[in-house]
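Residue numbers (our numbering), protein chains in the order written: chain R, 1 to 1198; chain S, 1199 to 1513. Glycine included, every Cβ here is placed at the ideal spot set by N, Cα and C. Model, not experiment: these values are computed from the prediction. Presented below is the structure to which this report refers.
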Amino acid sequence: MADVLVFLVLVAMAGLLLVLALAAVAVLLGGRGRLRQRLERLEAQVGRLDVRLAELVLQLQSLDERLDGLQRLPSHGADAIAAEQPAENLPKPPEPAPANPPAPEPQPPEAQNTQQPSQAEQPLPPRGLRPPGATPAGTPAPPRPPAPTKAPQPVAAQARATPPGTAPPQANRPQPRPRSRQLWQRMERLVSENWTGILGVVVVVAGVTFAAINVALRLDAFQRFLLTLLAAAALSLPSPLIGRREPWRNLSDWMRSGGAALALFACTAAGGLPQLGLQWIHSPGPALALVSLGVALNLALAGIARTEAIASLHVVVNLVPLLIVPQTGLTLAIASAVALVGYGLPLRRRWNRHLLLVTWAYAAYHASWFVRCQELLEDGGQLRTGAALAAVLVFGGGAVLQHRVRALQPRLEALPLALQLSNWGALGLALLVYPQQAAARATALALAAAAALVLGLRARRNGQGWLHLSDVLVAQALALAALLSLQPLIANTPLLLGTLQLECLLFLGLGVLEGEATIRRIGWWLTLLTGSALALVGLVEAVQELGSAVQLQNSAVLLGAAGLGSASQWLLRRRGVALPLPPLLGWVIATQVWVGTCLTAPEAWRPGLTLVAMGGLLLVARRHQLPGLLAGLATAVGLAHLQGWFWILEHQPWQAAGLLHHLLPLLVLALLLLWNRQDPWPRRCGWVLVQGSGAVLILGSAVQALQAVEGDRLGVHVAVLLAGAGFAALLQVLLERRAMPQPWPPLLGWMAAGLATSGAMLVPQQNWRDPVALLALGALLGLARWLRPAGLLAGSATAVLLLHGWRWLNLLLGHPWAAEPLLARLLPLVGLALALIWAARSSSLRRLGIDLLGLNAGLGAFLLFDPLSPLIPGVAWLVLALIALEGANRLPRAEALHALGLGLGYLTAFSGSYLLVISQSPAYISLGPLSLRGRLLIELFAIAVILYWWFFHAGSRLAQLRLWRSVQPCLLEAALLGVGLTILGEITVLWRPVAWSLLALVLLSTPLRRLFAQRLQVYSVLFYWLSVATLVAMLSTLESPSAQWYGQPQQIGLVAIGLQLAYIVASHHRLDLEQLRQPGGLAPLAWIGQRVANRRNRWLYYPMFAAVAYYLALRYDRSLLTLLWAAEAFIIYVLSAVLREGQFRVVALLGLGGCLLRLLAIDMAQADLGLRGLVFIGVGLLMLAMNAIYNRYRSRFE
Amino acid sequence: MSADPRGPGRLRLALLALLLAGGAVLVALLARSRPGSPLEASLATPFQLLGTPVHLVDRLASRAIPVGSLQERQLGDTFRQRYEAQLKPGDPNQTYLDGLMPQLRPHARRPFPYRAFLVGRCGSPNAWALPGGVILVSQELLEQLGSEAELVAVLAHELGHIELGHSFDAVRFQLLARRGGSERLGQLADGAARLLLQQSYSKAAEHEADDYAHALLLNSRYDPGALGRAFAALNRPHGGWDRAERPVDPLRDLLRSHPPGALRQADYAQRAAAWWRQHPSERRYVGTANLKQRQPLPQLDLAKEWVGGAAQAAR
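Structural data, given as structure tokens:
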């Protein structure tokens, strides 16, 4: 019992201290506001007093002047009197004093309101009250302000600093301080005055809490249970005592509810939660009885609850212990009873949120029960029945409760709708999972659907529109579920889907008959969905290739469904029913027809059935103008073509009879679609299908060529291709003469060129292919130059391009080549490219010829030089880039673009060669006694070439090119990138910080910036940052065994740091901030430049600060780290004074604060006494030095 | 670059001619000396260059973990005890290694008692670096290498891994966890040894260790060309290398842990040749006989093993 008493005392103390801490925090939080207001009032008063004091001082000065004037007039004796006055006690007189005081002038209204001079002062008002423009010519110069190093000046001295003759008193009025500064000062005050005490209280509370936990762990389970009940009773105690008083009513209710929940928790833990240390009952019966007691208590409190939230809490919390204990039918019964009671509690009230919470909580519990009782449910049919009945009682009852008169709501609201849907959804799920037989499940769902439909119709009679709609939709969902649950009884899925489509059509009919738009729309979409699903499933069945009988049956179902759909569409169109997107049904019907024809077996029947079915529906669609059906059928014909094309491609090499058997029906269908002047869509489809057939012939030939089929077996291919070329040409002529509109007339010319080229490529004799191809293409190019049929020139040019690609591929595959055979193969290609340039005249295809010529040169350079050395092609490409640029400058604008593109392509090829080949080569080249890396020479040459491009002054035609205008400015960046890569590749890691620093310094050079671009200074900043980063990385991670100074990181680091400091110093003189803001070039440069220009010191110094801090943390002993960091903070503080950079001071103070924290948290625990003393003394001295500097140079900090 | 509307400026044409001539000369120079590339095409070098900053940042981050040389020394002591217990008394190979290590220790900056242990046959010529100054050498490595200088180059490479902290960075987190008392040092040593013997460093780390070994050789009495020859010897069991057999594979180049052996071999052979050209009067030790007889240079100094001058430059 002593432990209990100690525990209670400690708990009471902890509670008391917690309350005290909360009160202190509340007072502080509340007091902060009051303190802030008071501070603002005081500041305002001080401001007013300042103004008043300044006015008084000015008046005093005025009086002094008058007195001086009076004394000078009669005699000079007054001067001696004035000289005896201590100068520091009097305001400094203006020098020289005006001989004649100016005439009085009207005062500004503010001065009149605030000053109210006496009668004696009225003739000569103080000068400070005059407006600035009224200053007389003889006004003396304002006195110099007092030196900042003097002792704190009195207010009068501050007033002396004000020019008496020039500045009005309003100028002395204190400006409002920035809010951040006020916050900073207030934080300092708060830290020193308040937070130490608060932190102390918090620490004491934490300690007492730990002690209480320690004592509590010594009690046994029953004692803890009793203590918990005691705490629950204590929580409930205020309710009967002060709960009737209005101010305490809500609080006492919540406390009582919390007590009841705590009691329920204790009862549950007493029997089933050993982890919490409260379990003292070990048999299920008494434990369940105790839980029931807690449940009853909470239900009773729910019954008398005043608010919805409390009632819901009590009901829902009852399900929690039932969730924890082992699950049986009894627990489900208790939970169901709790839910029913929960439903019953608000019978006289409309607490929809409460009902919804109870429904969801019970649904969650029921789901959990179902998952955890799988073994019991597998064994017991009665348990399933009982669980289903419980679900029907709770969820069904909940759904029916919505139809009671008291609950009826005419308007749709979210909570009742959610409640209704939740109840029906849960009921449907229960009826799906509990019955084990499909028939029983379907019957139960159908009954539920019927009940929902009846309830919906009743709601319609009662004028509850939303309830009618929701119940009817629920009925439809349940009906669909019932039909789907019949799936095990119906083996054929398409038949089931057909049934579903029929049911959905009936639902659509119900919507049409009732005139209910929502039901009609949903029925429409469900019909489309089921029809699409039927087509999709039929397609899957077609892929699976079932037996002929099944395929025929599915085909019949699909065609029947299509007929049913067509009839429905005809009826709907006749009745004029408004539906969304009417063509969709036509597309679904067409899909079903296509799938139905695909399913037809045997395969030989398909062409005929396809023609009959599609042709028939095509005629019907044209006659009755059924929406969507015609377009859908055109697509279906296209799909049939696709199937035929696949057949043609699969059965190669072709036999003449089989090819015609499959190709001709398709062509007939395509021509049927094409020969239609009324509807453009089918005509376009037919045209596309004709073109597609030609493309399939070319594709099939290409496949044969790639598969290297023997030439003798490709005779039919060559004949078909050449005949196809003739047919295409004939059809093109025919269509042009009949003026038949075509989507893109040149395509037939392309098709002719493609067919002819394919035929030439398939010529069996290898040696004849090139001459035939060259002759054929040359002839086509000649025809194109003289007759100019549509598409022939473009098609021939494309063929030339393909021939080039083919030849290049052969050359690359045969690499390496000797020079002679290589030139024998390259020169014909060059000739063909030149022929294209000749045939194209001034058309755009001339550029293609230029491109091919340039690519021949680039490829030839690679093939010719690579066998000598893999490093040479890159150099050759750089040379070609120079030639291409010169050529681009001399060609007409259009051709210049391609020449320029070739030049850029050469540069890109060099980049690839550099990355892949040149960069890995460490080879040296000897130039007499000098030995250099070959890679370095190439890099320097590349940088020179890029700089030539950068400096190139383009002619007017080249300069107009957008490509040139967009690429040329970036060449400077490319050159810089080259320099960077050269440094990375040629300089070791240790020397890279030095290299980056030197590069940054060089880029900062003014002549260099004038020669290249002003944005180089942005890059200099970037390289400076890079040098700092690499310096940190190098110093903190790298070691070297070298004995020479130039191999040791420390020495190299010193060099780099020196260069970086030199950069910072140089940046103060050479960094042009105005040009830095607008550096030109890429957009991010301006973004960076503006930021650096606005805060130069910060962007240049902060990286160094961070780098030094990180370096100190990594390179030195951690026990000295605080001192080193404090020293760095001190240096930053001094820099803030030197550079007048206020933010540096803030950073220094924050850093110092961090050092203090580290001092207390780490150094106090880790460092030994001597070291700790050294660190403390050092940090303290640094702080004192900072304080001294602040006092000495106060003006620099403000 | 003058802006002459009547045609290209003379200065530009002169520059163009100069560049074209320079390109032609460069092509002629390259065609004369015909420098090759170690591999047909590889992205290993760009990836290595790109990976260096990432590697440095990674190491900077790992260095922020509050464990230092003291913990590494303790871990190394544990390793040493384990491997010393496995040594065979009087093993000439181990004695030879012990005779070589004193020549390497003066180059080290970190306070570890460096020692190399022979761990028997492991299936391939290899060496490993463990934190705290422990180097493991396989029996095959001694058999595969051709000279003492090559062996010193390999040992210097592993020494570089330890000096540069590569091996310790991998186990910093484990050591940090040990501070909480959840793991004993012996268990940690077992886990760390397993980890370090199985995993590889990055390309950038290997390149750093190569550079370290090269610098150490330059500051020693041994032939700097031994590093390239050591790589050649290590490449030999894998069939050497051939340009034609290695197509471009960016994914392989990105994911490989070591730089390609051919690149390393060619790079350091060329560097050594350049050094020899710059120091024709130097003489360096090779030690082919020393390795065969398992007697280190301080014990067996043979005049014929000292090479230098033009012969090495030409080699």
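For leucine 1059 of chain R, the enclosing alpha helix (DSSP H) has its first and last residue at 1049–1070.
At a cut-off of 8 angstroms, the C-beta of histidine 1305 of chain S has a neighbouring C-beta in chain R.
Secondary structure note for alanine 1325 of chain S: its beta strand (DSSP E) is the uninterrupted segment 1325–1328. The distance from the Cβ of leucine 1362 of chain S to that of valine 945 of chain R is about 38 angstroms, inconsistent with a contact at the 8 angstroms cut-off. In the DSSP assignment, the residues bridged to glycine 1506 of chain S are S/Arg1481.
Alanine 1314 of chain S has S/Ile1333 as its beta-bridge partners, per DSSP. If you look at leucine 932 of chain R, you'll find it in the beta strand (DSSP E) that goes 930–933. Taking 8 angstroms as the cut-off, the Cβ atoms of serine 1036 of chain R and leucine 1258 of chain S count as close.
In the DSSP assignment, tyrosine 924 of chain R falls within the beta strand (DSSP E) that extends over 924–927.
Remark: three or more beta-carbon pairs, one from each stretch, lie closer than 8 angstroms, so the segment 698–705 of chain R and the segment 753–760 of chain R are flagged as touching. Just so you know, the alpha carbons of leucine 469 of chain R and leucine 417 of chain R end up roughly 11 angstroms apart.
In the DSSP assignment, tyrosine 1420 of chain S is bridged to S/Tyr1483. With a threshold of 16 other beta carbon atoms within 10 Å, glutamine 1048 of chain R meets it and is buried. In this structure, DSSP gives glutamate 820 of chain R a helical state, which the three-state scheme calls helix. Annotation for tryptophan 877 of chain R: the continuous alpha helix (DSSP H) segment containing it runs 872–890.
Unbroken alpha helix (DSSP H) runs of no fewer than 4 residues, entirely contained in the segment 1208–1234 of chain S, are found at 1208–1231, following chain order.
Here the C-alpha atom of leucine 67 of chain R lies approximately 10 angstroms from the C-alpha atom of leucine 60 of chain R.
If the five residues before and after glutamine 704 of chain R are omitted, its C-beta is found closer than 8 angstroms to the C-beta atoms of Gln652, Pro653, Leu714, His717 and Leu762, all from its own chain and listed in chain order. Among the CB atoms of chain R, none fall inside 8 angstroms of the CB of proline 1300 of chain S. In this structure, alanine 857 of chain R lies away from leucine 958 of chain R, with their beta-carbon atoms at least 8 angstroms apart. Around leucine 673 of chain R, the same chain offers Ala634, Val637, Pro682, Arg683, Cys685, Gly686 and Leu689 as residues with beta carbons nearer than 8 angstroms, after the five sequence neighbours per side are excluded.
Listed along the chain, the chain R residues whose CB falls inside 7 angstroms of the CB of asparagine 1417 of chain S are Pro1041, Ser1042 and Ala1043.
Between the segment 888–905 of chain R and the segment 960–980 of chain R there are three or more C-beta pairs closer than 8 angstroms, enough to call the two in contact. The C-beta distance from alanine 1407 of chain S to glutamine 1342 of chain S rounds to 19 angstroms, too long to fall under 8 angstroms, and the pair is not in contact. Taking leucine 855 of chain R as reference, the option from R/Gly1089, R/Ala840 and R/Ala833 with the minimal CA-CA separation is R/Ala833. For glutamate 413 of chain R, there is no enclosing alpha helix (DSSP H), since its DSSP letter is neither H nor E. Under a criterion of Cβ atoms nearer than 7 angstroms, the residues of chain R adjacent to glutamine 1468 of chain S are, in order, Pro922, Ala923 and Tyr924. Taking all protein chains shown into account, asparagine 1488 of chain S has 16 or more neighbouring C-beta atoms within 10 Å of its C-beta and is therefore buried.
For the segment 936–968 of chain R, the residues whose beta carbon sits under 9 angstroms from a beta carbon of chain S are, in order, Leu937, Ile938, Phe941, Ala944, Val945, Tyr948, Phe951, Phe952, His953, Gly955 and Ser956. Pairing leucine 558 of chain R with leucine 534 of chain R gives a Cβ-Cβ distance under 8 angstroms. Residues of the segment 1091–1112 of chain R that bring their beta carbon within less than 7 angstroms of a beta carbon in chain S are absent altogether. Among the residues facing chain R, alanine 1259 of chain S is not included, as its CB has no counterpart in that chain under 8 angstroms away. Residue range 746–761 is occupied by the alpha helix (DSSP H) that includes threonine 757 of chain R.
For leucine 1214 of chain S, the closest Cβ of chain R is nearer than 8 angstroms. Taking C-beta atoms as the reference points, proline 969 of chain R and valine 917 of chain R fail to come closer than 8 angstroms.
Residues of chain S with a Cβ closer than 9 angstroms to the Cβ of proline 870 of chain R are, in chain order, Pro1233, Gly1234, Ser1235, Glu1238, Ala1239 and Arg1441.
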